[in-house]
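Novice:
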Amino acid sequence: MVAALCGFPARPRLRPHAGPAPRRRYERRRPEKTPLHKIISENLASWLEWRDEAERPVPGYVEEELRGYLECGLLCFGFARALCNGCGQGFVVAFSCKGRGVCPSCNGRHMAQTAAHLADHVIPPVPVRQWVISVPRRLR
-8 MVAALCGFPA
2 RPRLRPHAGP
12 APRRRYERRR
22 PEKTPLHKII
32 SENLASWLEW
42 RDEAERPVPG
52 YVEEELRGYL
62 ECGLLCFGFA
72 RALCNGCGQG
82 FVVAFSCKGR
92 GVCPSCNGRH
102 MAQTAAHLAD
112 HVIPPVPVRQ
122 WVISVPRRLR
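First residue of the sequence shown? That's -8 in my numbering, and the numbers climb one at a time after it.
Right under this line is the structure:
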């Protein structure tokens, strides 16, 4: 997996006649530069205080999710070093919050993992078709 981050081919090409694969370098996402991160980081403390003063405190799991999002993907809150076996290039990969409510990156990863699990292990390998039927009010 790490080999794919630096652009070094992780496995041999299946179609040699297709030409060389473009090399992609791993680039750390920068959540601190997104508008959502900026809004939450600037307003979280005052919003939580306002909710407490109004005697409508935010549930603990919501506050944990928001604070976790502010730490997600930032190197100052922890990281792992990875090394490509193919080219020897090293990478620093920031830890993620693994949340499911606020963080777009972790939400996307969780959604892709869930879809893969459903396709591989839950939905049987038969043709599946979804039908949506609308019945007029008079016939209901």
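Think of the CB as a built atom: it goes at the ideal place given N, C-alpha and C, for glycine as much as any other residue.
All values derive from a computational prediction rather than experimental measurement.
Rounded to the nearest angstrom, what separates Arg20 and Pro118 at their Cα positions?
Specialist: Whole-angstrom Cα-Cα distance: 38 Å.
Novice: Measuring CA to CA, which of Ile30, Phe68, Leu57 is closest to Cys94?
Specialist: Answer by Cα proximity: Leu57.
Novice: Quick one: what does DSSP say Ala45 is sitting in, helix, strand or coil?
Specialist: Correct three-state label for Ala45: coil.
Novice: Rounded to whole angstroms, what's the CA-CA distance from Val123 to Glu54? Just pull it up for me.
Specialist: One C-alpha to the other measures close to 39 Å.
Novice: Based on DSSP bridge pairs, tell me the residues matched to Gly81.
Specialist: The partner list for Gly81 (beta bridge, DSSP) reads Leu74.
Novice: For Tyr60, does the count of other Cβ atoms within 10 angstroms reach 16, so buried, or fall short, so exposed?
Specialist: Tyr60 should be labelled buried.
Novice: What would DSSP say about Gln121, mapped onto helix, strand or coil?
Specialist: Reduced to three states, the DSSP call for Gln121 is coil.
Novice: Using the Cβ count rule (16 or more neighbours within 10 Å means buried), how would you classify Pro22?
Specialist: Buried, since its Cβ has 16 or more Cβ neighbours within 10 Å.
Novice: Out of Cys88, Gly79, Val49, point me to the one whose CA is closest to Phe68's CA.
Specialist: Out of Cys88, Gly79, Val49, Cys88 has the C-alpha closest to the C-alpha of Phe68.
Novice: Starting from Ser96, trace the alpha helix (DSSP H) both ways and give me its first and last residue.
Specialist: Unbroken alpha helix (DSSP H) run through Ser96: 95 to 108.
Novice: Under the rule that 16 or more other beta-carbon atoms within 10 Å means buried, what is Gly79, buried or exposed?
Specialist: Flag for Gly79 reads exposed.
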